[in-house]
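Undergrad: Starting off with a structure, shown below.
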Amino acid sequence: MKKQTLILLLTALSLLSACPAQTDSAAIQAPTDPPPAAVASYPQDKLSCCWEDLLKTQAEYATLATQAYNGEPDALRQMLKQVNTLSLSDSYAHGTVLANTLHHLGDQRFAFVLQDLQPDFKKIHPGFQESLQDTYRNLLEGGFVLSADSEVSQKSLADYPLTAGLLQYELN
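Position one of the sequence shown corresponds to residue 41 (the working numbering), numbered consecutively onward.
Here you go:
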């Protein structure tokens, strides 16, 4: 009897270990669906706050934001990496751009790019004095609140389980 119980227990454990967790970075596969329809420029009507310095005066940022919004992985990766040099005054607008982009692209497409940055998650942001993982999480949560898009402003990181899992967002 003990031998059968042990065999069943080992079998169950091997099956469980073979199934990756939803938040396991290996579980986030490359998206196979086409990105959403392209836009000519980042939709500024989705931003309610503090975006003039980023989108109006910084043409390079506006171009990168548009490319990321259109689903270009390298542009999204660069947008995410800009968090490293982000000033407090630009953080609200940048968080809103990221939240709108996450909503527009979808969880899988966004999380697939975000998982590449996991090795840097424990680094401390020089201005915010928190880990980059915490910075991403806080920027996205604030971005949802500040979005002028009524659909996006009703969301939170909890609505995007892959991204939330990567950022260790506690789902209630």
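Note that beta-carbon positions come from the ideal geometry of N, C-alpha and C, so glycine has one too. Model, not experiment: these values are computed from the prediction.
1) Per DSSP, what are the beta-bridge partners of L87 in this structure?
2) Would you identify the three-state DSSP class for Y200, choosing helix, strand or coil?
3) From the DSSP output, which residues share a beta bridge with I68?
4) Quick one, are the C-beta atoms of A70 and N110 less than 8 Å apart?
5) As an exercise, report each continuous alpha helix (DSSP H) stretch of at least 4 residues that is fully enclosed by the region 135-180, in chain order.
6) In angstroms, rounded to a whole number, what distance separates the CA positions of F161 and S81?
7) What does the Cβ neighbour count give for L50, buried or exposed, with the cut at 16 atoms within 10 Å?
8) Check for me: the alpha helix (DSSP H) holding T248 runs from which residue to which?
9) What does the alpha-carbon distance come out to for the pair D130 and T72?
10) Among E210, R149, S187, whose alpha-carbon lies nearest the alpha-carbon of I68?
11) So, for L154: in the same chain, excluding its five sequence neighbours on each side, which residues have a beta-carbon less than 7 Å away from its beta-carbon?
12) What does the alpha-carbon distance come out to for the pair T103 and Q118?
13) Which residue from T136, F152, A99 puts its Cα closest to that of N178?
TA: Answer, in terms of the structure:
1) Position 47 of the sequence shown, counting from 1, holds the residue named residue 87. Its beta-bridge partners are S187.
2) Start at 1 with the first residue of the sequence shown, and residue 200 comes out as number 160. Of the three classes helix, strand and coil, the one that applies to Y200 here is coil, per DSSP.
3) Start at 1 with the first residue of the sequence shown, and residue 68 comes out as number 28. Partner(s): none; I68 has no beta bridge.
4) Translated into the one-based positions of the sequence shown, residue 70 becomes position 30. Translated into the one-based positions of the sequence shown, residue 110 becomes position 70. No.
5) 147-154
6) Reading the sequence shown from its first residue, position 121 is the one you call residue 161. Reading the sequence shown from its first residue, position 41 is the one you call residue 81. Each residue's alpha carbon lies about 30 Å from the other.
7) Working through the sequence shown from its first residue, we reach residue 50 at position 10. Residue confidence is low: L50 scores 36 on pLDDT, short of 50, so the model does not pin down where it sits. No coordinate-derived value is stated.
8) The shown model of the chain, from 41 to 212, leaves out residue 248, and the question about it has no answer.
9) Counting from 1 along the sequence shown, the entry for residue 130 is found at position 90. Counting from 1 along the sequence shown, the entry for residue 72 is found at position 32. Computed Cα separation, rounded: 33 Å.
10) The sequence position of residue 68 within the sequence shown is 28, counting from 1. With distances taken between Cα atoms, I68 lies closest to R149.
11) Residue 154 sits at position 114 when you count from the first residue of the sequence shown. Only residues of its own chain outside the window of five on either side were considered, and among them L120, T203, L206 have a CB closer than 7 Å to the CB of L154, listed in chain order.
12) What you label residue 103 is simply residue 63 of the sequence shown in a count that begins at 1. What you label residue 118 is simply residue 78 of the sequence shown in a count that begins at 1. Rounded to whole angstroms, T103 to Q118 spans 11 Å at the Cα level.
13) The residue given as residue 178 occupies position 138 in the sequence shown. Comparing alpha carbon positions, the residue from T136, F152, A99 closest to N178 is T136.
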